[in-house]
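So the sequences go chain by chain: A, B, C and D. Whatever position you read off the first sequence (first residue = 1), add 3 for my numbering. Whatever position you read off the second sequence (first residue = 1), add 3 for my numbering. Whatever position you read off the third sequence (first residue = 1), add 3 for my numbering. Whatever position you read off the fourth sequence (first residue = 1), add 3 for my numbering. C-beta: ideal position from N, C-alpha, C; glycine also. None of these values were measured; they are calculated from a predicted model.
Protein chains: 4
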Amino acid sequence: MASEFGYSLKITVYGQSHGEAVGAVADGLPAGEPFSLERLAKFMARRRPGAPLTTGRREPDAPEFVSGVLPGERETELVTCGSPLCAIIRNTDARPSDYSAFADTPRPGHADYTAYVKWGGKADMRGGGHFSGRLTAPICAIGGIALQILERRDIYVGAHLEAVGGISDARFPLLPTKQLFDEIAGKAFPVIDDACGKAMQKAIAEAAAELDSIGGIVECAIVGLPAGLGSPMFDGVESMLSRALFGIPAVKGVEFGNGFAGSASRGSQNNDPFVIAGGKISAETNNSGGILGGITTGMPVVFRVAFKPTPTIGKPQRTVYLSRNEPAILEARGRHDPCVALRAVPVVEAVAALVTLDLLLSSGYFYNTNC
Amino acid sequence: MASEFGYSLKITVYGQSHGEAVGAVADGLPAGEPFSLERLAKFMARRRPGAPLTTGRREPDAPEFVSGVLPGERETELVTCGSPLCAIIRNTDARPSDYSAFADTPRPGHADYTAYVKWGGKADMRGGGHFSGRLTAPICAIGGIALQILERRDIYVGAHLEAVGGISDARFPLLPTKQLFDEIAGKAFPVIDDACGKAMQKAIAEAAAELDSIGGIVECAIVGLPAGLGSPMFDGVESMLSRALFGIPAVKGVEFGNGFAGSASRGSQNNDPFVIAGGKISAETNNSGGILGGITTGMPVVFRVAFKPTPTIGKPQRTVYLSRNEPAILEARGRHDPCVALRAVPVVEAVAALVTLDLLLSSGYFYNTNC
Amino acid sequence: MASEFGYSLKITVYGQSHGEAVGAVADGLPAGEPFSLERLAKFMARRRPGAPLTTGRREPDAPEFVSGVLPGERETELVTCGSPLCAIIRNTDARPSDYSAFADTPRPGHADYTAYVKWGGKADMRGGGHFSGRLTAPICAIGGIALQILERRDIYVGAHLEAVGGISDARFPLLPTKQLFDEIAGKAFPVIDDACGKAMQKAIAEAAAELDSIGGIVECAIVGLPAGLGSPMFDGVESMLSRALFGIPAVKGVEFGNGFAGSASRGSQNNDPFVIAGGKISAETNNSGGILGGITTGMPVVFRVAFKPTPTIGKPQRTVYLSRNEPAILEARGRHDPCVALRAVPVVEAVAALVTLDLLLSSGYFYNTNC
Amino acid sequence: MASEFGYSLKITVYGQSHGEAVGAVADGLPAGEPFSLERLAKFMARRRPGAPLTTGRREPDAPEFVSGVLPGERETELVTCGSPLCAIIRNTDARPSDYSAFADTPRPGHADYTAYVKWGGKADMRGGGHFSGRLTAPICAIGGIALQILERRDIYVGAHLEAVGGISDARFPLLPTKQLFDEIAGKAFPVIDDACGKAMQKAIAEAAAELDSIGGIVECAIVGLPAGLGSPMFDGVESMLSRALFGIPAVKGVEFGNGFAGSASRGSQNNDPFVIAGGKISAETNNSGGILGGITTGMPVVFRVAFKPTPTIGKPQRTVYLSRNEPAILEARGRHDPCVALRAVPVVEAVAALVTLDLLLSSGYFYNTNC
């Protein structure tokens, strides 16, 4: 138990930042689903390091699919075959020596210390090991396939960087559409309002210049889901999504629809009136984030994910020598994103797509649509 | 899949608001653990309906334990015996007729509509059925036992009503202790600052007077946990807690430590410096909420849970006739809490205690301590 | 983890033989499924104690359904509503004093000793506690509902007592049909050949007269399943069934189709040729027991379950005093079946029905058929 | 759900026979456990193809461990680090063209047909795809590590070929010891009595010469387990083992201790008397196979696994053209073992070792022993 989530679709993530490889296995994908490697590469490029404002680490990050697929009709296409799909991404630019210091002086805010305690000093402490943000690459590799499978059924998942260091690009209400998602995905900086994005970039650059880091919020939406998916109580859509989202490194909060803001409101404001729209039952507003009682309403599922500032910073920080039980000062080197939330935008999409696909598979939806 | 959570300790919740009974089964409790029925009754009284500002429904809510226990040394004590413990609470004050209207006109903000769609109109629609807040009574019955098992090992769980309708009783940093928990649990209104509590009560009373409802936030802490519990990624402490917490009716957000506020900060502010305190490694601050990389740091685990306003309100609301696909106006009757967050304080404690016990059992902690 | 099985349909069994009650919770039943209480009572009567050749314990064993149901169209009918169904059966004829001796002198062949070790002497040792055959009553209560749900879809489950103490009523090949199942279910002694049944009854009576017990084999079949259900490897139909079947007390072996006999054969004999029958692909023989690669072939699923002799016997047996670590002689009193396999026939059917329903639900089959 | 088993230790198997690679991920291994690559290679060599009487396919089968490990003290040693361990074995000798015929004419007794139905013709049909015996290679790679971890704690797992085509090398009672296991593992043909082994080899050679195949039985034992491991009912040791064992291709039966033979006996014969041996409670005989009520007794866990004859045979067999719904005759080519049970001996050991390790981890055993 640990690096896995899902019911009908189980995702297992493996690898360490500076080990041989990172990767993931997806067990339960429907068979006969083609996916474009070009589109996948384009999706994965959105989280790739090396862009301005991200870590200097440069890796092609091209996943190899060693199982679960057959050749597709075109050369740049593969087709799922129903058996577990394993993706492997080699670590070609690993520099474990950058991190040797951390083995004895755990980074404040990072998992170095807790991993050390949990595994009695036997964990791979190089660059965060299994806790590294690098583990989100295979999540995107698998999630990018799920996105293509969903889109074929007119279900779309998209996210944007809603806030950085308190600078907010929030829209209330957010009106998510495929068009909005495509537009944001096409931008170098994934915001709705580019002027706001400029201010965010400035804040990130300033933090980086001060050898510091900065937090942010990613907002994500899933559109096109039918009503009636999910379950009451502990396997509700919120439970399934939050469990998976908190598995992304640096996530410290998840809220659906109005979330924490809703807790400051009245029922008469927060309840979404039911209306007849186009002959069908719909909700006039979407303060519920598309989920009531853990079950989809048919409105967009909307949620927000809080990312803490990257814990690894160049500024001197107080820590301890594990070996000597004495105070220490750490000035972290290595290559780190000043704002993990930025590159996390497609990661949140990937996790949301995988949970959505699991939800559909668990409900029997795919049985009906002949997959 | 649905009404269950847990790994080594599995909790299954059953029942409908206006059916025969509600209850829960706990499979995996350690054996030989005595628990006081008096203390349990006292704990459960904290969520009981009938208090001022809560629903008018009056039920003794005394759980009967039909399995999993043996007689204890004292008459008011039972002892776990290792086999699944089943608690049953009869619905003695059910009035299904109060809710007959909802069957055709789903309450905005409630699960009436989504349950209708999911189960093709075959769900128990009386009073929220399985989605009712009444299902939290058996959670408290089982969670109250977990609390006693934890306390025997100097692990304490406590919560307070941090906010109602935007009126905040937050403390940063919160310094949770058994003493603070006991103090709050002893109050009629579970806040830290009673003056603030008065303002909250006024806001609740005003909402009720206007046939409306109001949201709130519950903050909870777990103290006494050793460092090193939990797992990386998707079975981290945040994942386990959030999955269970979103199973509580009306929860729309969960954040740990600094949570959403942390996403507006810098790494140099948000990271908790490691220090030597009393010869042991500790953290100077607790912005992480006691969890790094999904694993406990040994500091208190602190989290906040956002509750939306009670969806059932007396004010007229727009909805639809399911049978006729036409607009309708609903003025809900029945007995409802104007602020679910208030009675949810012990529910959050109960869920936190159950997840904590599962976490300890899954880690092998109990094996070591001879249970 | 322990007293639960299932994926989309989770069954949790609770209770102790001489505690307050035994029961089960079924989470995931499809909604809107009526079931006849009369038919259920008739089914449960087949495992009821008190018949000749079974334990002298007499209990009505009528389950009360406290959740998961709504009233049906007729008075003796209930309808599932989609939320967890909890069945409770009170222990009205418990005589814990019969078993007090076992607390210190564990019965050879029984779980007394292992339960003692596992729970450090804190288990409920009265009459087998949670390990008692009495726990199969709630399995039948839930399984009897599953049988009715399956029959509505022309899927039938039936079993017969294939052997007792080496006396065999086996048929190769078994040609299972609803008619055969109905015929056997209508008999006082559930065999195909009544003459063979007479010999078995004699063997049981002789064992009982000698204060001894005797083992037996139950053969079960599931007819009407479509091809393509199940999964490769560890969630294959054999894996799902065997995991659940070994949870029935006294089961020590499970084989599918030709099973152990097949391991003595050649491939050319054991392979089932594919043929076209009635325009459809079928298999000419069914040595595979209806399962290839963990997935149903569309032929009947056939398996055999080996039950050991009832461990509790009146004959003097060597055991030990747990308290004194010294040898002891035990002459068990109490009321025990001389042949557990006899009453296990409907229990095997119940477990098979529950696994089959889970298999269908997990595959999405019910989504398609509008349940 | 499908290609995974385990609770605290989760094993996921991926790959297709004629795809890029096969492999497995083990999530939950204890950290700091060194394992010798030489010993692992020696263990894996026991199932390797290319030996006399096995398939002609020749592959080095050396697993690459791309995650979950750190370098060991010696060059041929790796050490687990607590994060998921991924093993990958490239398919270097794949010849998909050998199998193209099967795509339209499913092999009787093989999963070709059921995979075709389950995945609507979209499965990888080359050489059995994910259903191939080749998938047992990664099970051995991971299981071989578990064996080394267990041996360090004086827990030993061993198996022998108990029967081939009805020729039996059974010992009643089997007295399993590390010495016996080592002796058998050192033999070219894994039997206890070499004369019996000669007869088996003759039977296999004869079947092969006639373009046929032959079934067999593998018996396995686990020695050194403490009493009290496992759970009642559906997570008992028999349930856990059988679920995993039926995931091995060609397994059709599993029995524990006396198993099916026990069902022909009396309780007075089958019950194992408890005795005091060396000051400790023990059982005089082991008809229970070391398990009572799903929980270990402290005696060796002993079980037998029935393997059907290899379904792929050269003899002409009747099948159908899937594309034309017409009868066909298949004469299978390709490289196949005439007796899968032979190479399955280490596979059964590997699965048993993995389940045993999971059982120990789930019980908290490792917490206590400082791993």
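Opposing strand residues paired with residue i [DSSP bridges]
i: A/Leu183; result: A/Leu183 is not bridged to any residue.
i: B/Ala24; result: B/Arg93
i: B/Gly219; result: B/Val167 and B/Phe310
i: C/Ser285; result: C/Val278
i: C/Ser291; result: Partner(s): none; C/Ser291 has no beta bridge.
i: B/Phe249; result: In DSSP, B/Phe249 forms no bridge with anything.
i: B/Gln19; result: B/Gln19 is not bridged to any residue.
i: B/Tyr324; result: B/Glu329
i: A/Leu244; result: None, per the DSSP bridge assignment.
i: A/Leu88; result: A/Ala29
i: A/Phe418; result: The structure shown does not extend to residue 418 of chain A, since chain A spans only 4 to 374, so no value can be given for it.
Whole-angstrom C-beta distance between residue j and residue i, which should lie under 8 Å
i: B/Gln272; j: A/Pro276; result: Not quite, the Cβ-Cβ distance comes to about 42 Å (not below 8 Å), so this is no contact.
i: D/Val304; j: D/Ala224; result: 7 Å
i: A/Val120; j: B/Ala230; result: 5 Å
i: B/Gly147; j: B/Met236; result: 31 Å between Cβ atoms; not a contact.
i: C/Phe255; j: D/Glu258; result: In the sequence as displayed, the identity of residue 255 of chain C is Lys instead of Phe. Yes, they are in contact, since the Cβ atoms of C/Lys255 and D/Glu258 sit about 6 Å apart, within 8 Å.
i: D/Ala114; j: C/Leu295; result: 5 Å
i: D/Gly9; j: D/Leu244; result: Actually they are not in contact, since the Cβ atoms of D/Gly9 and D/Leu244 sit about 12 Å apart, beyond 8 Å.
Endpoints, the alpha helix (DSSP H) within which residue i is located
i: B/Gly200; result: Asp197 to Ala212
i: A/Ala34; result: Run containing A/Ala34: none; DSSP gives neither H nor E here.
i: D/Val120; result: Asp115 to Lys121
Three-state secondary structure (DSSP) of residue i
i: A/Ile152; result: helix
i: A/Ala140; result: helix
i: C/Glu41; result: helix
i: D/Leu360; result: helix
i: A/Ala335; result: coil
i: D/Ala355; result: helix
i: D/Ala267; result: coil
i: D/Phe8; result: strand
i: A/Ile145; result: helix
i: D/Gly131; result: helix
i: C/Phe237; result: helix
i: C/Gly296; result: coil
i: A/Gly161; result: strand
i: C/Ser366; result: helix
Residue i vs residue j beta-carbon contact at 7 Å
i: B/Ser171; j: B/Pro341; result: no
i: D/Tyr17; j: A/Pro87; result: yes
i: D/Ala140; j: D/Asp64; result: yes
i: C/Leu183; j: C/Val348; result: no
i: B/His339; j: B/Thr313; result: yes
i: B/Phe38; j: B/Gln151; result: yes
i: C/Pro33; j: C/Phe369; result: yes
Residue range of the beta strand (DSSP E) that includes residue i
i: D/Thr83; result: Glu80 to Thr83
i: C/Lys255; result: Val254 to Phe259
i: B/Pro74; result: Val72 to Pro74
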